Amino acid sequence: MFTIGIYPRKSVYRDNSDSVNVQVQMCKDYAGIIFKDKDMEFKVYDKDEGFSGKNMNRPGFQELMADVKNNLLDVVMVYKLDRISRNVQEFSAMYDIFQQHNVSFVSVKESFDTTTPMGRTVMYILAAFAQLERENTSERVTDNMQALGASGKWTGGKLPTGMTSVRRQVGDKEHSYLVVDENTIWLVKSLYGLILQGYPITRAERYCRDNGIRSQSGKFLNTSQIYNIITNPVYCQNSIEAYYYFQDLGCALPDPGLFDGTKGLIGYGKTKSGRQSQRKQEKASWTIAVGIHDYVIPAADWITAQNRLGINKMIRTAKHEYGILKGVIHCRCGARMDVRTYTKNGIPFSYYYCTDMARQGKTKCNSGYVRTEKVEESFLKQLRRIRFNPDGFKLRCDVETGSLQSTSSIKEELKQIQTSINNLTTTLMSAMESSAASYIVKKIEELDQQKKILEGNLRQAALRENEARSLQETENEIYDGICYLLDHFDHIEYSAKNELIRKIIRKCILDENSLRILF
Numbered sequence: 436m437f438t439i440g441i442y443p444r445k446s447v448y449r450d451n452s453d454s455v456n457v458q459v460q461m462c463k464d465y466a467g468i469i470f471k472d473k474d475m476e477f478k479v480y481d482k483d484e485g486f487s488g489k490n491m492n493r494p495g496f497q498e499l500m501a502d503v504k505n506n507l508l509d510v511v512m513v514y515k516l517d518r519i520s521r522n523v524q525e526f527s528a529m530y531d532i533f534q535q536h537n538v539s540f541v542s543v544k545e546s547f548d549t550t551t552p553m554g555r556t557v558m559y560i561l562a563a564f565a566q567l568e569r570e571n572t573s574e575r576v577t578d579n580m581q582a583l584g585a586s587g588k589w590t591g592g593k594l595p596t597g598m599t600s601v602r603r604q605v606g607d608k609e610h611s612y613l614v615v616d617e618n619t620i621w622l623v624k625s626l627y628g629l630i631l632q633g634y635p636i637t638r639a640e641r642y643c644r645d646n647g648i649r650s651q652s653g654k655f656l657n658t659s660q661i662y663n664i665i666t667n668p669v670y671c672q673n674s675i676e677a678y679y680y681f682q683d684l685g686c687a688l689p690d691p692g693l694f695d696g697t698k699g700l701i702g703y704g705k706t707k708s709g710r711q712s713q714r715k716q717e718k719a720s721w722t723i724a725v726g727i728h729d730y731v732i733p734a735a736d737w738i739t740a741q742n743r744l745g746i747n748k749m750i751r752t753a754k755h756e757y758g759i760l761k762g763v764i765h766c767r768c769g770a771r772m773d774v775r776t777y778t779k780n781g782i783p784f785s786y787y788y789c790t791d792m793a794r795q796g797k798t799k800c801n802s803g804y805v806r807t808e809k810v811e812e813s814f815l816k817q818l819r820r821i822r823f824n825p826d827g828f829k830l831r832c833d834v835e836t837g838s839l840q841s842t843s844s845i846k847e848e849l850k851q852i853q854t855s856i857n858n859l860t861t862t863l864m865s866a867m868e869s870s871a872a873s874y875i876v877k878k879i880e881e882l883d884q885q886k887k888i889l890e891g892n893l894r895q896a897a898l899r900e901n902e903a904r905s906l907q908e909t910e911n912e913i914y915d916g917i918c919y920l921l922d923h924f925d926h927i928e929y930s931a932k933n934e935l936i937r938k939i940i941r942k943c944i945l946d947e948n949s950l951r952i953l954f
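My numbering numbers the first residue of the sequence shown as 436 and each following residue consecutively.
As structure tokens, then:
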């Protein structure tokens, strides 16, 4: 049987000629023309409607590639090249896998033959143009958003705390602008007041919790939310003092003549979308524009608040060479644990403590302070036990593998079934008029059903075996890391110890006097 995998995809559904169903039908019709002498079966991978083609993280595509690697397909067919990939590098890697498993690639719309050098060259050129089209589209959208931001318009997204937006007619178009919400802006003013009084962010968070001050969604404010509010230029007065502050940071700015002290500012480009999530940008990448909304905080006070944050941050992140488990140790309540160090009579003392307890008080968590030496001795003792008994150290596998078939046995069974189907098909051709024909057809259908079940089992077995191999490799790496740490513990500097522990340990949980290590 000649197996053709059809991969359709549509980023946003529309009922037109490029819909998923139409793509599948056009691929089948095209296959009927170019493979008319083959006994064909089709497998359709149509789970990716709504997914972007800019990366390979798509369930249908991953299933397709798994079948390619398990030698279950002879051809991969798409309606158009950019349905399967819009990135030249990823497309090249994908096509290399096709070649390794003798899988041909066919695009209906572009109509090229990948068995010839010219066909492969044309394919790579088309992939390059697909990527170029995507990048140009992204660049045009970014430029348009930057132009809107530079003119003081609100480009969308989550509204700043204490702000709302209005639509206003400018020329022949409507645009969104920010305005101060007099009913909710008190929260912003209160937070700036705390910071200007000298409160560090953690103490400001606790103050809000103790006094029942909540966000607009009704939840208690955390340090990240407070930090984002305090550093947001939207509340800052557009005075010339603010202009020079942002100029020193390297921000893109409009004409200084616009900084007349009457309005607030807008910061654009503070975050950038990545493949998985948004990430904060350095302030030198920001674009600062003058809005139409009233300012909330005078520029001098806003700048003072930024400087106070810098001081608090330096104190908060001051590095002491104590606490090798920093970054991996958590309290029994689930919160992160940090290290507090002080010196008494010339002798340094250091303790692990729950950050939720420090911020929200003992009503939240009463775990207290635990000496770092005590915790770390327990940690090293457990590592020594693992070193001398490596067989007792195993990572958890989600699927038990002992009683399940291996890929080799499933492939052998598939081979036998295919041979039986071929033999029955040959017999059927010479017995079409006999009474046995219906029995042979029924038997072929039964074998075909068994074959489909086995193909599904083969995919699961391959994933299971890959997971087992990956777990074994990870276990070996962790064990080697444990041995290295113990052998060189007295000669490795603090930062190297902490970095190595972060690589081999997923998490430590401290509960009273007991320490649990999770790999």
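For each residue, glycine too, the CB sits at the ideal point set by N, CA and C. None of these values were measured; they are calculated from a predicted model.
Under DSSP, the alpha helix (DSSP H) around residue i begins and ends at which residues?
i	result
S930	929 to 939
F681	675 to 684
P783	No alpha helix (DSSP H) contains P783, which is instead part of the beta strand (DSSP E) from 782 to 789.
D464	455 to 469
F477	Careful: F477 lies outside any alpha helix (DSSP H), inside the beta strand (DSSP E) at 475 to 479.
V763	Looking at the DSSP string, V763 is not in any alpha helix (DSSP H), and its letter there is neither H nor E.
Let me know if residue i comes out buried or exposed under the rule of 16 or more other beta-carbons within 10 Å of its beta-carbon.
i	result
I940	buried
I532	exposed
V601	exposed
L849	buried
T722	buried
I441	buried
P668	buried
I936	buried
Q651	exposed
K445	buried
N505	buried
R794	buried
S520	buried
F823	exposed
H926	exposed
L950	buried
Could you tell me which of the options sits nearest to residue i, measuring between CA atoms?
i	options	result
P494	I782, V479, K624, K588	V479
D915	R819, G891, Q651	R819
T438	D791, V511, F486, R822	V511
K705	P691, I664, H728	I664
K886	Q851, I875, T862, L863	Q851
R641	I738, D791, D472	D791
W621	L684, G692, P783, I732	I732
Q741	P443, Q795, Q632	Q632
K718	D502, H728, A687	A687
S930	Y757, F784, T798	Y757
H728	I913, E868, M598, S870	M598
L516	N646, A501, V543	V543
Q700	G685, W737, D683, S720	Checking the sequence, you will find Leu at residue 700 rather than Gln. It is W737 whose Cα lies nearest to the Cα of L700.
M491	E476, N456, S527, D464	S527
Ignore the nearest five residues each way along the sequence and tell me which others in residue i's own chain have a CB closer than 8 Å to its CB.
i	result
A896	L839, Q840, S841, T842, I845
F694	N673, S674, I675, A677, Y678, V725
H765	R771, M772, K942, C943, I944, L945
R649	C643, F655, L656
L594	S600, L613
T666	Q741, L744
What would DSSP say about residue i, mapped onto helix, strand or coil?
i	result
Q716	coil
F694	coil
S527	helix
C643	helix
G709	Low confidence applies to G709: its pLDDT is 45, below 50, so where it sits in the model is not reliable enough to give any reading.
L953	strand
N948	coil
Y627	helix
Y634	coil
G495	helix
R444	coil
F486	coil
Y914	helix
Q672	strand
S432	Since the displayed the chain opens at 436 and closes at 954, residue 432 lies outside it and no answer follows.
E609	strand
In chain order, what residues of the same chain lie with their CB nearer than 6 Å to the CB of residue i, ignoring the 5 residues before and after it?
i	result
K748	With a pLDDT of only 48 at K748, under the threshold of 50, the placement of this residue in the model should not be trusted; the figure read from the coordinates follows. Cβ within range, chain order: n/a, list empty.
W589	S600, S611, Y612, L613
Could you give the first and the last residue of the continuous beta strand (DSSP E) run that contains residue i?
i	result
L700	700 to 703
V513	510 to 513
V541	539 to 542
Hey, does residue i have any beta-carbon neighbour from chain D nearer than 8 Å?
i	result
L889	Protein chain content of the structure displayed is limited to a single chain, and chain D is not contained in it.
Quick one: residues in its chain with C-beta nearer than 7 Å to the C-beta of residue i, no 5 flanking neighbours on either side, listed in chain order?
i	result
Q682	L688
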